[in-house]
Each structure stands twice: as structure tokens, then as C-alpha cells.
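Undergrad: Next up is a structure, given as C-alpha cells.
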Amino acid sequence: MENMVNVYFFGKKYSVPADLTIMAAMEYAGYTLKRGCGCRHGFCGACATIYRIKGDNELKTCLACQTQVQEGMYVASIPFFPTDKRTYDINEIRPNQQIMMELYPEIYSCIGCNACTNACTQDLNVMQYIAYAQRGDFEKCAEESFDCVSCGCCSTRCPAGISHPMVGLLARRLTGKYIAPETEHLINRVEEINKGEYDSLIEQIMQKPITEMQELYNTREIEK
Amino acid sequence: MFTPEMMESVKKVEATRDERMGMEPRRMTAEEKDELLKAYHPDYKENAFEEIKIGANKGEKAPAELVSLLHSNSRLLKDKVDLSKVDYDVDVLVIGGGGAGSSAAIEAHEAGADVMIVTKLRIGDANTMMAEGGIQAADKENDSPVQHYLDAFGGGHFAARPELLRRLVMEAPDAIKWLNELGVMFDKDSDGRMVTTHGGGTSRKRMHACKDYSGAEIMRTLRDEVINRQIPVVEFTSAVELIKDDKGQVAGAVLLNMETDDYMVAKAKTVIIATGGAGRMHYQGFPTSNHYGATADGLVLGYRAGAPLLYQDTIQYHPTGVAYPSQIFGALVTEKVRSLGAMLVNKEGEAFMHPLETRDVSAASIIRECSDRKKGVDTPLGSGVWLDTPMIERIGGEGTIEKRIPAMLRMYMNYGIDMRKLPILIYPTLHYQNGGLEIGGEGFTKAIDNLLVAGEAVGGIHGRNRLMGNSLLDIIVFGRNAGKAAAEKAKNVELGNMTIGHIEKYAEELKEAGIETGEVSPLLLPKYARHER
Numbered sequence: 001m002e003n004m005v006n007v008y009f010f011g012k013k014y015s016v017p018a019d020l021t022i023m024a025a026m027e028y029a030g031y032t033l034k035r036g037c038g039c040r041h042g043f044c045g046a047c048a049t050i051y052r053i054k055g056d057n058e059l060k061t062c063l064a065c066q067t068q069v070q071e072g073m074y075v076a077s078i079p080f081f082p083t084d085k086r087t088y089d090i091n092e093i094r095p096n097q098q099i100m101m102e103l104y105p106e107i108y109s110c111i112g113c114n115a116c117t118n119a120c121t122q123d124l125n126v127m128q129y130i131a132y133a134q135r136g137d138f139e140k141c142a143e144e145s146f147d148c149v150s151c152g153c154c155s156t157r158c159p160a161g162i163s164h165p166m167v168g169l170l171a172r173r174l175t176g177k178y179i180a181p182e183t184e185h186l187i188n189r190v191e192e193i194n195k196g197e198y199d200s201l202i203e204q205i206m207q208k209p210i211t212e213m214q215e216l217y218n219t220r221e222i223e224k
Numbered sequence: 225m226f227t228p229e230m231m232e233s234v235k236k237v238e239a240t241r242d243e244r245m246g247m248e249p250r251r252m253t254a255e256e257k258d259e260l261l262k263a264y265h266p267d268y269k270e271n272a273f274e275e276i277k278i279g280a281n282k283g284e285k286a287p288a289e290l291v292s293l294l295h296s297n298s299r300l301l302k303d304k305v306d307l308s309k310v311d312y313d314v315d316v317l318v319i320g321g322g323g324a325g326s327s328a329a330i331e332a333h334e335a336g337a338d339v340m341i342v343t344k345l346r347i348g349d350a351n352t353m354m355a356e357g358g359i360q361a362a363d364k365e366n367d368s369p370v371q372h373y374l375d376a377f378g379g380g381h382f383a384a385r386p387e388l389l390r391r392l393v394m395e396a397p398d399a400i401k402w403l404n405e406l407g408v409m410f411d412k413d414s415d416g417r418m419v420t421t422h423g424g425g426t427s428r429k430r431m432h433a434c435k436d437y438s439g440a441e442i443m444r445t446l447r448d449e450v451i452n453r454q455i456p457v458v459e460f461t462s463a464v465e466l467i468k469d470d471k472g473q474v475a476g477a478v479l480l481n482m483e484t485d486d487y488m489v490a491k492a493k494t495v496i497i498a499t500g501g502a503g504r505m506h507y508q509g510f511p512t513s514n515h516y517g518a519t520a521d522g523l524v525l526g527y528r529a530g531a532p533l534l535y536q537d538t539i540q541y542h543p544t545g546v547a548y549p550s551q552i553f554g555a556l557v558t559e560k561v562r563s564l565g566a567m568l569v570n571k572e573g574e575a576f577m578h579p580l581e582t583r584d585v586s587a588a589s590i591i592r593e594c595s596d597r598k599k600g601v602d603t604p605l606g607s608g609v610w611l612d613t614p615m616i617e618r619i620g621g622e623g624t625i626e627k628r629i630p631a632m633l634r635m636y637m638n639y640g641i642d643m644r645k646l647p648i649l650i651y652p653t654l655h656y657q658n659g660g661l662e663i664g665g666e667g668f669t670k671a672i673d674n675l676l677v678a679g680e681a682v683g684g685i686h687g688r689n690r691l692m693g694n695s696l697l698d699i700i701v702f703g704r705n706a707g708k709a710a711a712e713k714a715k716n717v718e719l720g721n722m723t724i725g726h727i728e729k730y731a732e733e734l735k736e737a738g739i740e741t742g743e744v745s746p747l748l749l750p751k752y753a754r755h756e757r
């Protein structure tokens, strides 16, 4: 007999195998998931979930696909959260402090409660990356928020109404585009290709008979 | 944590680690690879394939599960939809909200077209989001698009369509530049040089990455750009059938609201199928690294409308899927783990192969180790071999794992396994659909001249096996191209009267062939819900 636990999906009790994730347990219970299920491997943030263990006061957040069920778990998935993304033209904006002030002024209303960090399903220091954003230190904000999967659990807990994942995303795009150093070898190669420097070489290799291609492939030198 | 039996084997792995550190296992010869693939690669398991009985690829083989979808009828045979009531009328309709669809939409919008995206889950719920290891481009001094071509052509068993592969490698550097200018944070050193590594089968270090969130970083940037441009994205809405017109052109799609079950009609001058892969079909019972919606929908829609498939009988099994613990069974362990130095090691602590052979060869070799050679480690769901991750810290220095592959570290830490100190157990997982709808060099299907395909739904770019990092690349290159080409084409398309007569014709053919699966297709979502009665 499998080891079973009792879990409560939206308050309704189900007995499920103890080694399942919350997501697999919902399917075991008979749910056909539409919302609250995306990549199933912890990268897309679709399965933001809130739960409490019976008898324990603490409210916890997690990704349903990455979290194992426990006895007495009261589970509610968050099918959608109205995260507030502001729109902008990446070519028009610049990485200065004003841009955060303009697009996400609410970050300056942060009361420092740290509820966002406590709620993060990726164990990121969310409040810290918001602090970096406040100061206009986009590179640090980008680095600290890099592993964010935009599940939005932080935002559900924020008394200041901050859409943290969107702030991190803006900082990362500013960093990637404007702050990180330019890649000379990339720019050069694109230029060479545009000038047609590889056109005849690529034509030649496309025309080669398979036997010659096999020989070339099997004897090619591999960079150490 | 590992079981005591597994820990016994870990001791053997640890015992040989010092000795293995300095050596590089021999690469297999071309003949050895051929023999190995024929004996152990799942593509060669004949009873897992069936013959397609109708349509453009009649008489050819495909995985049995895919054939079943192709042999099923449209849900619109029963559910009648009034095509004269048009809900959306656009220039370019993009079906699918992953990397290819988003790139296409951005470029179509840039070209001034009226474009919209429909997607059955959310924009970004796609295999792109889960691609970890990186994206290839020959942009360094010791490399060239020609070398990239040779690696990809050979790795794909000399079967790639030259005109498609040419576009892939020649437009690769520009794809990286485009992403960089959108704000994607590639791993660079302080001078701006890209930090690049090898992938299986590459002859130059041309794998660009964003830690091990490469696809996620690309996808969330593209998604943000789509939203910034205010391109309409209709989520939780599947395309369930292409609409054609009386001139044989494609004219849009019938859409299904996944939540209300209501049908809608989208009319479009050009349509781009960017529906992705098929991992959730679980061919041959394999677990998968794919997202929830990977059910080959676009292949079914395109095929029923008359577009042929190419290489639909070749599937990629990623050599390193999670074998243990069961909660993350089948999840992807990025190839970058091997790029950074981890070896594949069997139960006895022996490095049984070079860690950077191509994916098909590596997968077959692992299957051989776990089956006939009986050198796999038993797990509750089967068996697996070790990926010796502590080697990475020895080679790159302490902290390398946390810095370069944080997602992997996090995934295993959730289950009490510290991959910096202990090796991890892996086994091949269903990862990628090498084949798909056939297109020409400009991105259009050969049968319908205003229907385009981009991304994993395309067949022929990679041949019969794909190299790591060429898929993130193809969704960008072919997505962008499809968007531009569709916008341009839309200017000259005059649509006739809309019809879905092709589904009735298809039903007739099925009937004549005596086929009755009792199911409808596309599948849309896998049937995971367990029902006791």
C-alpha cells in the first residue's frame, strides 16, 4: 500500500500518495488543469500556490510543480494575479533613476516589511532588489532578480502594491541593453556576414556531396 | 536524498574521480556511433512506429501516438461554427506564444502589419522558457558560419535541408545581436566578450548562455517586448482548425476558448504556425522535459489542411533527464552540466563515454549502459547513470555551480541533494521533435503559399538530430523571418470565401481507409487527470 497523505484542495479533502508534487496530486485527485500549470519544471511561474499546514498559523507560498504534498496541507492555487506591467519603448528609455520613478513610482512606497522576500518561491532577496531599483542600481537589481520566474507570489503579499517581477525585468533589460559592455566580436561578425564575406564559402559547403561532408565532419578539429 | 543502495554506488564514483579528472574519454568512431544508434536509440524501435494511411505523407512512418492524432477527425465535424461571424480580422495570425511566435509577432509588427497571437496557455508557457543551456552562434574569431554548418549538418546525420541550415547559421550572429539589443543579459566577461562553451557535437565553443536560464531570459524579454508593443495576445485560446478559402489559401483559424468552450473565428491574410513540440505525447512511454501544452497541435492542423511533414519519424531524447527523485522525473538537466566538465559515470564508477557526444549518441549509450550492460543504478521508476557534478567545482573552482547553473542547484536542493557534493542520477527524457511541417527557405509551407511555420513545429532545419543550442537559435531566426515574410506577403493576399471543407474531405479519406480512432484531434492538453470510474 502506498504511503498516503490527506490534502485539501480549495478546502476539499483528498487522499493522495505522499511522494507526489502538489500539481501531480491535483491530477491524481481528478483535476484537469488549465490555469495554474505551464512548464511543470519550475521555470514559467504559472503554478503559484498558497498553502497552510493544518494547525500551523504560517501562510506559505510555492510553485505547485516543485513542491511535495504534506499531511494536512490546505492548498489554493493562484490562477492569475493582476501584476501591473507598465509599457515603454526600450529604445527610448535610458538606465537612469528617473525611469523607475516614472514607470514604477510605487517602489518608493516600500515599507520594508520583507513579505516579498519571505514569499519568494525561488528564495530570492526580493526586497533587496527593489532597494537596488530605488537607488537606480540596475545592474545589481538585475543580478539579484535574475532567477525570478514571475510567479507573482511576492506581489500578492505586498502592502505597497509593488509588481516586483516587472521591476526586476525592467532592470534586466536596461542592464542587458545599455549597461553590459558591448560585444565587439559579435558586431564584427554580423558586419562580415552582411558584407557577404561568407556567401561563397557557405555556397561551396552546401554543394558538397555527402561523402565529402562525412569526411570533413569525421576529421574536423575540435577546439579544446 | 539518495537511498543507501545509491550511496554505495556514489562511493565508487568518488573513488574514481581523481583518476578521471585528468583524462578525456575517447570519442566514438562514425561506425561505432551508427551501430550504437541502430541497437539502442528509440527511433530505431520499429514497433513504436506506425504507417500514416492518408494525406501528403501517406505510406511513411511516424510515432504511433502521432499517427493516432493524424488519423483522428476534427472536433468541428460535430461542433458547427459559423464562419461568417468573424471575431478577429488581422493581417498576420500567429498561433503559439513561445519564442518563435513572439519573435514572429514582433517582426511582423515592426514591419507594420496588423498581427495577433493566440495561445492555448499563457504567452511564454512554452519549451523556450525551459531551454536552459544556451544558444549557438559562430561569432568568435576562431569560428565561422561554415564551421557551424558542418557541425549541425554532421550532427543531424547529413539530412538537414541545406537552404534552411544556411539561414540558421548565417543569421545566428544577428539573432544574438537582436536579442542583446532587446536587453537579453548574456553571460559576458568584463570586456564584453561572450562566455561560450561547447555543446555535444560542437567543434568550437559557440554556446552563448544566460546562466542556466537562457531560454527563460530570452522568453521573458520577448514577452515583455510583445506587451510593450501592445500586440494583441489572446491567451487560453487554442487554434483547433485552420480555415481555408475557395482559392486553396489559408484564411485564418477556428479558435476555442479553453475556459468557456466557446468557438471563435479569426480571419487572417497569412498564418504562422508556431505551436512547438510534442513531448507531452510521451512517445514510447518516455517522461518529458517539455511544457504542459506540447501536444503536436500545429502538425495536426497543418497536415489536415494539406501541408506535408518532414522527418516526423525522428525524435530527440535528451540524454540527461532527471532519473531520481521521482517528483522531478524527466525534468531537464541541462547539457551545460557536461559542457562545464561533469562526466557520465556508471554504477561501477566508470566513465563509459565521452560526455560531449551528440544527443542521440549519448542517449543511446546511456540506454545501453542501463539495459544490456546492466551498469545502471536502480531507481523507483527505472534506472539511471551518474552525472558527476562535483567535477564542475573541481574544474571551475568552488562556486561555479551556483554561478553558472543555479536553476539545477535549486531544483535538486528542493529534494535535499547538493549537486556540488554529490553526483546526480539521470536517464534520457523525451525532449524535442526533430521533424515537423516542411517549409522552404523563406518559411512558407510548400503546399499553401500564405501559410508559414516557425520553431519546433518545423521539420528539416536540423535533419535527424539536433545539436544543443540550435533550437533556441532556430526559434529566433525562423520566428523573425516568418514574421517579416508573413507581413510582406499579407500585402498581396486577396482572400476568397472562407471554408473548412478540407476537414470533411479529410474525414472522407479516413473513412475510405477504414480508420476510426474514436478520438478528435488536436489533443490540446494531455490527459493527466486520474478518474477512478
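In order, the protein sequence lines correspond to chains A and B. Under the working numbering, the first residue of the first sequence is numbered 1, with each subsequent residue one higher. Under the working numbering, the first residue of the second sequence is numbered 225, with each subsequent residue one higher. By construction, the Cβ of each residue, glycine as well, lies at the ideal position given by its N, Cα and C atoms.
Output yes if chain A places a C-beta closer than 8 Å to the C-beta of B/D306; else output no.
TA: Taking the second sequence and counting its residues from 1, the one referred to as residue 306 of chain B is at position 82. Not one chain A Cβ lies under 8 Å of B/D306.
Undergrad: In chain A, what lies closer than 7 Å to B/T763 by C-beta?
TA: No information on residue 763 of chain B is available, as it lies outside the stretch 225 to 757 that chain B covers here.
Undergrad: Spell out a yes or no on whether the segment 594-607 of chain B and the segment 555-564 of chain B are touching, meaning 3 or more CB-CB pairs, one atom from each, closer than 8 Å.
TA: no
Undergrad: Tell me whether A/Q207 is buried or exposed, calling it buried when 16 or more other Cβ atoms sit within 10 Å of its Cβ.
TA: Translated into the one-based positions of the first sequence, residue 207 of chain A becomes position 207. Exposed: under 16 other Cβ atoms inside 10 Å.
Undergrad: For chain A, find out if any of its Cβ atoms is closer than 8 Å to the Cβ of B/I451; answer yes or no.
TA: Stepping through the second sequence from its first residue, residue 451 of chain B is reached at position 227. For B/I451, the answer is yes, since a Cβ of chain A falls inside 8 Å of its Cβ.
Undergrad: From B/R417, B/T426 and B/P369, pick the residue whose C-alpha is nearest to that of A/E192; which is it?
TA: As a working note, residue 192 of chain A is residue 192 in the first sequence. The candidate whose alpha carbon is nearest that of A/E192 is B/P369.
Undergrad: Just checking: is the beta-carbon of B/F226 within a distance shorter than 8 Å of some beta-carbon in chain A?
TA: Working through the second sequence from its first residue, we reach residue 226 of chain B at position 2. Taking Cβ atoms only, chain A never reaches closer than 8 Å to B/F226, which makes this a no.
Undergrad: Measure the alpha-carbon distance for A/I111 versus A/R157 and round it to whole angstroms.
TA: By 1-based counting over the first sequence, the position of residue 111 of chain A is 111. By 1-based counting over the first sequence, the position of residue 157 of chain A is 157. Roughly 12 Å between the two C-alpha positions.
Undergrad: I need the straight-line Cα distance from B/N638 to A/F43, nearest angstrom please.
TA: By one-based count along the second sequence, residue 638 of chain B stands at place 414. By one-based count along the first sequence, residue 43 of chain A stands at place 43. If you take the alpha carbons of B/N638 and A/F43, they lie about 14 Å apart.
Undergrad: Going along the segment 125-153 of chain A in order, which residues come within less than 8 Å of chain B, judged by CB to CB distance?
TA: A142, F146, D147, V149 and S150
Undergrad: Determine the direct distance from the alpha carbon of B/P652 to that of A/Y51, and round the result to whole angstroms.
TA: Locating residue 51 of chain A in the first sequence gives position 51, counting from the first residue. Locating residue 652 of chain B in the second sequence gives position 428, counting from the first residue. So the two alpha carbons sit approximately 34 Å from each other.
Undergrad: In the DSSP assignment, find the beta strand (DSSP E) that holds B/V561 and state where it starts and stops.
TA: The residue you call residue 561 of chain B lines up with position 337 of the second sequence. Not the beta strand (DSSP E): B/V561 falls in the alpha helix (DSSP H), residues K560 to S563.
Undergrad: Is the number of C-beta pairs between the segment 155-172 of chain A and the segment 194-207 of chain A that are closer than 8 Å three or more?
TA: no
Undergrad: State the start and end residues of the unbroken beta strand (DSSP E) segment that holds B/D315.
TA: The residue labelled residue 315 of chain B in the question sits at position 91 within the second sequence. Counting along the chain, the beta strand (DSSP E) containing B/D315 begins and ends at Y312 to I319.
Undergrad: What residue range does the beta strand (DSSP E) around A/K13 cover?
TA: One-based indexing of the first sequence puts residue 13 of chain A at position 13. Note, A/K13: beta strand (DSSP E), K12 to P17.
Undergrad: Give the DSSP-derived three-state secondary structure of B/R644 in the structure shown.
TA: For this step, residue 644 of chain B is matched to residue 420 along the second sequence. Residue state, collapsed to three classes: coil.
Undergrad: Note the first and the last residue of the continuous alpha helix (DSSP H) segment covering B/K235.
TA: Residue numbering aside, residue 235 of chain B sits at position 11 when the second sequence is read from its first letter. Segment P228 to M245, the alpha helix (DSSP H) holding B/K235.
Undergrad: Against A/H185, what residues of chain B qualify as contacts under a CB-to-CB distance less than 8 Å, listed in chain order?
TA: To locate residue 185 of chain A, count along the first sequence from 1; it is residue 185. Near A/H185 (Cβ distances below 8 Å), the residues of chain B are D363, K364, E365, R417 and M418.
Undergrad: Measuring alpha carbon to alpha carbon, tell me which residue in B/A498, B/H422 and B/H372 is nearest B/I663.
TA: Within the second sequence, the letter at position 439 stands for residue 663 of chain B. Among B/A498, B/H422 and B/H372, the Cα nearest to that of B/I663 belongs to B/A498.
Undergrad: Return no unless some Cβ of chain A is closer than 8 Å to the Cβ of B/M394.
TA: The count along the second sequence starts at 1 and reaches residue 394 of chain B at position 170. Closer than 8 Å to some Cβ of chain A, the Cβ of B/M394 qualifies, so yes.
Undergrad: Using CA coordinates, which residue listed in B/A575, B/Y636, B/N514 and B/S327 is at the minimum distance from B/V609?
TA: Mapped onto the second sequence, residue 609 of chain B falls at position 385. Per the Cα distances, B/A575.
Undergrad: Just to confirm the assignment, what range does the alpha helix (DSSP H) spanning B/V701 have?
TA: As a first step, residue 701 of chain B is located in the second sequence; it is residue number 477 there, counting from the start. N694 to A714 is the extent of the alpha helix (DSSP H) around B/V701.
Undergrad: Does B/A286 come out as helix, strand or coil in the three-state DSSP assignment?
TA: To locate residue 286 of chain B, count along the second sequence from 1; it is residue 62. Here B/A286 sits in strand by DSSP.
Undergrad: Kindly indicate if chain B contains any beta-carbon less than 8 Å away from that of A/C227.
TA: Outside the displayed span of chain A (1 to 224) sits residue 227 of chain A, for which this structure offers no information.
Undergrad: Does the beta carbon of A/D84 sit closer than 8 Å to a beta carbon anywhere in chain B?
TA: Indexing the first sequence from 1 puts residue 84 of chain A at position 84. A/D84 does not count as touching chain B.
Undergrad: Go ahead and pull the three-state DSSP assignment for B/E465.
TA: Translated into the one-based positions of the second sequence, residue 465 of chain B becomes position 241. Looking at B/E465 - three-state DSSP - the assignment turns out to be strand.
Undergrad: Run down chain B in chain order and give the residues with a C-beta less than 7 Å from the C-beta of A/Q68.
TA: Residue mapping note: residue 68 of chain A aligns to position 68 of the first sequence, counting from 1. Here the neighbours are Q551.
Undergrad: What in chain B is Cβ-close to A/Q122, meaning under 8 Å?
TA: Along the first sequence, one-based indexing puts residue 122 of chain A at 122. By Cβ distance, chain B contributes R634.
Undergrad: Taking B/G665 as the reference, which of B/L654, B/R688 and B/D698 has the closest Cα?
TA: For this step, residue 665 of chain B is matched to residue 441 along the second sequence. Answer by Cα proximity: B/D698.
Undergrad: Give, in chain order, every residue of the segment 41-56 of chain A whose Cβ lies closer than 8 Å to some Cβ of chain C.
TA: This model lacks chain C altogether; the protein chains it does include are A and B.
Undergrad: DSSP three-state label for A/P229, please.
TA: As shown, chain A starts at 1 and ends at 224. That puts residue 229 of chain A outside it, with no answer to give.
Undergrad: Taking the straight line between their C-alpha atoms, what separation do you get for B/L293 and B/E275?
TA: The sequence position of residue 293 of chain B within the second sequence is 69, counting from 1. The sequence position of residue 275 of chain B within the second sequence is 51, counting from 1. If I take the Cα positions, the gap works out to 12 Å.
Undergrad: Rounded C-beta distance between B/L654 and B/F510? I'm assuming under 8 Å.
TA: If you number the second sequence from 1, residue 654 of chain B lands on position 430. If you number the second sequence from 1, residue 510 of chain B lands on position 286. Confirmed, about 4 Å.
Undergrad: Keeping to the same chain, check which residues put their C-beta closer than 6 Å to that of B/I641; ignore five residues upstream and five downstream.
TA: One-based indexing of the second sequence puts residue 641 of chain B at position 417. For B/I641, where only same-chain residues beyond five positions count, there are no Cβ hits under 6 Å.
Undergrad: Is it right to say A/G176 is buried, meaning 16 or more other beta carbons lie within 10 angstroms of its own, or is it exposed?
TA: The count along the first sequence starts at 1 and reaches residue 176 of chain A at position 176. Buried, since its Cβ has 16 or more Cβ neighbours within 10 Å.
Undergrad: Enumerated in chain order, which unbroken segments of the beta strand (DSSP E) with a length of 3 residues or greater are wholly contained in the segment 60-127 of chain A?
TA: For the segment 60-127 of chain A, whole beta strand (DSSP E) runs of length 3 or above, ordered along the chain, are 60-63 and 73-77.
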